[in-house]
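Residue numbers (our numbering), protein chains in the order written: chain A, 463 to 576; chain B, 1467 to 1578.
Only one structure is covered here, and it is reproduced in the block below.
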């Protein structure tokens, strides 16, 4: 089945640093979504991307939909302790049809040292 | 802000027992989903539901699983005879006509 490769697997950074993570796929996606999950909670939608090349920001978060439609990245600027969590990319393939099921990456675990 | 809710937050059951996980999607949403996440692993699609019928299901969603929207608000996932490997977090999600899926807080299912 389709897979998303997400990297890095984990990051441990100092407060104030910028963070970058990305997802790649061997197949084309129509939509990329970035979610954050904190322990014991469900994924929370951060950013949605719909067009190749699209660059979208949400506060300190910026995400881009790759030109090839096979990748996406998420940047977090000036990290703070509450950024701690697992960040997932999720994509909807061109074959998803109207169901639009999500294919998920394995997640990037972010730890921020105050 | 409207949100997806799920009950119970944690369910412990014995192998072979039936469980029903409940979800209340966002009220004006039309498409409903169940996903699961085994501890430490990625989120996996189980089933999508639209217009009162299953629109797609994964290989995981075998004959032991069923979904139902018994009234205008609830969306349930039933596992008829639970197995140890069914232990996971189960997430319900819903969306309107766009692509953005909104997730509930999940139900942690523990099968002993």
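Glycine residues also receive a C-beta, built at the ideal position from the N, C-alpha and C atoms.
Residue i and residue j closer than 8 Å at C-beta
{"i": "residue 519 of chain A", "j": "residue 485 of chain A", "result": "no"}
{"i": "residue 1514 of chain B", "j": "residue 1521 of chain B", "result": "yes"}
{"i": "residue 1468 of chain B", "j": "residue 503 of chain A", "result": "no"}
{"i": "residue 1562 of chain B", "j": "residue 1517 of chain B", "result": "no"}
{"i": "residue 1540 of chain B", "j": "residue 1488 of chain B", "result": "yes"}
{"i": "residue 568 of chain A", "j": "residue 1508 of chain B", "result": "yes"}
{"i": "residue 483 of chain A", "j": "residue 470 of chain A", "result": "yes"}
{"i": "residue 410 of chain A", "j": "residue 517 of chain A", "result": "This structure cannot settle anything about residue 410 of chain A, because the visible part of chain A is limited to 463 through 576."}
{"i": "residue 1481 of chain B", "j": "residue 1578 of chain B", "result": "yes"}
{"i": "residue 532 of chain A", "j": "residue 489 of chain A", "result": "yes"}
{"i": "residue 1554 of chain B", "j": "residue 1503 of chain B", "result": "yes"}
Residue interval of the beta strand (DSSP E) (run including residue i)
{"i": "residue 512 of chain A", "result": "Run containing residue 512 of chain A: none; DSSP gives neither H nor E here."}
{"i": "residue 468 of chain A", "result": "466-469"}
{"i": "residue 1512 of chain B", "result": "1509-1516"}
{"i": "residue 553 of chain A", "result": "547-555"}
{"i": "residue 495 of chain A", "result": "491-499"}
{"i": "residue 572 of chain A", "result": "570-575"}
{"i": "residue 483 of chain A", "result": "481-487"}
{"i": "residue 474 of chain A", "result": "472-476"}
{"i": "residue 1521 of chain B", "result": "1519-1523"}
Anticipated Cβ contact below 8 Å, residue i with residue j, distance rounded
{"i": "residue 1511 of chain B", "j": "residue 563 of chain A", "result": "5 Å"}
{"i": "residue 527 of chain A", "j": "residue 540 of chain A", "result": "Contact doesn't hold; Cβ gap of about 23 Å is too wide."}
{"i": "residue 466 of chain A", "j": "residue 542 of chain A", "result": "Wrong, their Cβ atoms sit about 27 Å apart, outside the cutoff."}
{"i": "residue 1478 of chain B", "j": "residue 1568 of chain B", "result": "27 Å between Cβ atoms; not a contact."}
{"i": "residue 525 of chain A", "j": "residue 1565 of chain B", "result": "Going by Cβ atoms, the distance from residue 525 of chain A to residue 1565 of chain B rounds to 14 Å, so no, they are not a contact pair."}
{"i": "residue 570 of chain A", "j": "residue 468 of chain A", "result": "6 Å"}
{"i": "residue 1486 of chain B", "j": "residue 1542 of chain B", "result": "5 Å"}
One or two residues paired with residue i in a DSSP bridge
{"i": "residue 1544 of chain B", "result": "B:1486, B:1532"}
{"i": "residue 1476 of chain B", "result": "B:1574"}
{"i": "residue 526 of chain A", "result": "A:517, A:535"}
{"i": "residue 1560 of chain B", "result": "B:1498, B:1568"}
{"i": "residue 506 of chain A", "result": "A:498"}
{"i": "residue 1555 of chain B", "result": "B:1503, B:1574"}
{"i": "residue 542 of chain A", "result": "Per DSSP, none; premise fails for residue 542 of chain A."}
{"i": "residue 565 of chain A", "result": "A:553"}
Near the ligand SAH: residue i beta-carbon under 7 Å from a heavy atom
{"i": "residue 1518 of chain B", "result": "Of the ligands one can find in the structure shown there are none, so the ligand SAH has no counterpart to examine."}
Worksheet item: Does the segment 1497-1508 of chain B come within contact of the segment 1547-1565 of chain B, defined as at least 3 CB pairs closer than 8 Å?
Response: yes
Worksheet entry | Segment contact flag, the segment 1473-1489 of chain B with the segment 559-576 of chain A, C-beta cutoff 8 Å, min 3 pairs | no
Discussion item. Below 8 Å, how does it come out for the segment 1531-1551 of chain B and the segment 475-494 of chain A: are there three or more Cβ pairs, yes or no?
Written reply: no
Item to complete: Take every Cβ of the segment 545-557 of chain A, pair it with every Cβ of the segment 490-505 of chain A, and state whether three or more of those distances are shorter than 8 Å.
Response: Short answer: they touch.
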